[in-house]
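Residue numbers 1 to 79, in our numbering, belong to the letters of the sequence shown in order. Notes for the one structure printed next.
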Amino acid sequence: MPIPFSIVPDMQVRLKKKHPCGGDTWQVTRTGADIGMLCLTCGRRVFLEREEFERRVKEILETPTNKEMLNAIEIKPTL
């Protein structure tokens with residue numbers, strides 16, 4: 001059983017198996033029950049179930065910093 005880890009949008013991962021285009025690096029585009037990924041070699045979008053994604057990850061290459069994540073969230077002032 002794989003060790004659970006935090007999955008956030010814009011993180012880059014390397015999977016165990018290569019994509020048919022030859023690329024093995026992906027960028028996470030969506031999180032939830034399914035994980036949306038973008039192949040950084042050919043641009044193909046793929047969805048995997050969270051459990052399957054966690055099993056297939058070989059290494060985490062890059063994660064967005066907290067500052068980048070906070071900038072991505074729109075904070076609207078309350079009146």
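For every residue, glycine included, the Cβ atom is placed at its ideal position computed from N, Cα and C.
Item: For valine 28, does the count of other Cβ atoms within 10 angstroms reach 16, so buried, or fall short, so exposed?; Value: buried
Item: With DSSP as the reference, identify every bridge partner of arginine 14, one or two as the case may be.; Value: Thr25, Glu59
Item: Round the Cβ separation of valine 57 and threonine 31 to the nearest angstrom and send it over; I've been treating them as touching at under 8 angstroms.; Value: About 13 angstroms separates the two Cβ atoms, so there is no contact after all.
Item: Using the C-alpha atoms, what's the distance from serine 6 back to histidine 19?; Value: 23 angstroms
Item: For leucine 61, count the other beta carbons within 10 Å of its own beta carbon; 16 or more makes it buried, fewer makes it exposed. Which is it?; Value: exposed
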